[in-house]
Amino acid sequence: MMVASARPRPPWRQHNVGTIRRRKIPRDSLMATYFLRTTNRDTCGSCGMCAEACPVEAVDMASGEPAVDLDWYIGCGVCVTRCPDEAAGLALRTDLAHEAPPDFTALHRTILDEKSKA
Ligand code: SF4
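Per the working numbering, the sequence shown runs over residues 3 to 120.
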């Protein structure tokens, strides 16, 4: 039998992608997003699989084509892996004040440094 911990969760563990999907907290306040979605309109077959796959419901097919809400897209790339036409892609953000870490080791080191300051 598991016993629930009474210890409060640290701020960085109190939210997940569901918080973003429900549009509760601006994406950039909650997570580092270094990539944004691109769509090759010449090859997109408008199948909607990218919209179905998006964990934060940032892809809308109401117009018959994928419309990506770039304010909420999290750059996870799940939609890219689901696209049968290889029309969905990712592009590095150019609007950030800082550069993306060069690799996962540097990223994790930065996260640990930031958490130790909290
Ligand atoms: S999964 Fe690919 S082909 Fe289908 S709507 Fe999305 S971008 Fe277009």
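Where a beta carbon is used, it is the ideal one built from N, C-alpha and C, also for glycine.
Legend entry - Presumed contact (8 angstroms Cβ cut-off) between C85 and M51, rounded CB distance: 6 angstroms
Legend entry - P104 to L114 span [Cα, whole Å]: 16 angstroms
Inset, instruction - Find out if the Cβ-Cβ distance for the pair A90, C81 is shorter than 8 angstroms. - result: yes
Legend entry - Selected residue, minimal CA-CA separation from A99, among P28, A34, I22 and A53: A34
Legend entry - Beta carbon of L109 nearer than 8 angstroms to that of L72: At least 8 angstroms separates the beta-carbon of L109 from that of L72.
Legend entry - Rounded C-alpha distance that separates I27 from T21: Each residue's alpha carbon lies about 7 angstroms from the other.
Inset, instruction - Work out the CA separation of T45 and D87 for me, nearest whole Å. - result: 6 angstroms
Legend entry - Rounded separation between A64 and T41 - CA only: 16 angstroms
Inset, instruction - Indicate the three-state DSSP secondary structure (helix, strand or coil) for A108 in the structure shown. - result: helix
Legend entry - Whether R29 touches I76 by CB criterion (8 angstroms): yes
Legend entry - Where A89 falls: helix, strand or coil (DSSP): coil
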